[in-house]
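Each remark here refers to the structure printed beneath this line.
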């Protein structure tokens, strides 16, 4: 019995001290609170002139993108706050140095999926490479619907939240957020209307979760940690 009690005690201790990873993160909101089916127009029909025009944009990007642009679009396939490292431009901006900040943004990532995935499943817009074999994606292929873009949604939320933590760099952070979304077209996996819907979705999600008490508390803790580690004055 004592041995069992010791095992349970060790297990509980491990659970208490172990970091929370993205797959375990609790969303700040989900589709029951933010129903995108009520907020967004449906995507253009597959056989519409709009879809054909958007396909043309993707094919143009495919032949005009530089190796540097392609490399950035490929790297931006990662859904994580650390893709903003080139804007923050501080070697201390790492997961190891920022555990509270990292766990907070894990919840942001989880929120994007909880809100966006039901809309994707409902509209089921085929990805550009499924519509035309002329499209040659440069990132891992996804089985989810194209509309709205989850990466763009996440990039928008991350940009808005991060810029509220570091308002001194708001313009650069939001420019990076817009680039993060645009790179889904560069990569050949989303249409322009997917990106536009993602930016709208990200803005709505941000405005909604900012009203939640748990968000407010974790935001302040993450912000304080970030500004301390980066050597910024506390705003």
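In mature numbering (1 follows the signal peptide of the UniProt record, and there is no 0), the protein residues as written are -22 to -1, 1 to 213.
C-beta atoms are modelled at their ideal positions from N, C-alpha and C, and glycine is treated no differently.
A quick note: this is a predicted structure, and the numbers were derived from the prediction, not measured.
Residue 98 burial status per 10 Å Cβ neighbour count (16 or more: buried) = buried
Chain-order list of residues whose beta-carbon lies under 6 Å from that of residue 71 (same chain, five-residue window excluded) | 63
Residue 120, enclosing alpha helix (DSSP H) - first and last residue | Run containing residue 120: none; DSSP gives neither H nor E here.
Closer than 7 Å by C-beta to residue 161: which residues in its own chain qualify, once you throw out the five before and the five after it? Chain order, please.
-> 50, 51 and 54
Kindly indicate which residue of 16, 77, 105 and 2 has the alpha-carbon position closest to the one of residue 24.
-> 105
Consider the Cβ of residue 73: report whether some Cβ of chain C lies at a distance smaller than 7 Å.
-> Checking the listed chains, one finds no chain C in this structure; it contains a single protein chain.
When the Cα atoms are used, what is the spatial distance from residue -2 to residue 90?
-> Confidence at residue -2 is low in this model, with a pLDDT of 42, below 50, so the placement of that residue is unreliable and no value is reported for it.
Between residue 112 and the rest of its own chain, which residues show a CB-CB distance below 7 Å, the 5 nearest in sequence each way excluded?
-> 37
When you compare each of 173, 8, 199 and 12 to residue 35 by their alpha carbons, which one comes out closest?
-> 173
In three-state DSSP terms, what is residue 244?
-> Outside the displayed span of the chain (-22 to 213) sits residue 244, for which this structure offers no information.
For the 8 Å Cβ check, are there 3 or more pairs between the stretch 146 to 165 and the stretch 76 to 85?
-> no
Three or more C-beta pairs closer than 8 Å, one from the stretch 181 to 195 and one from the stretch 12 to 32: is that the case here?
-> yes
Nearest neighbour of residue 134, chosen from 109, 145, 87 and 114 [CA to CA] = 87
Could you give the residue range of the alpha helix (DSSP H) that holds residue 188?
-> Careful: residue 188 lies outside any alpha helix (DSSP H) and carries neither H nor E.
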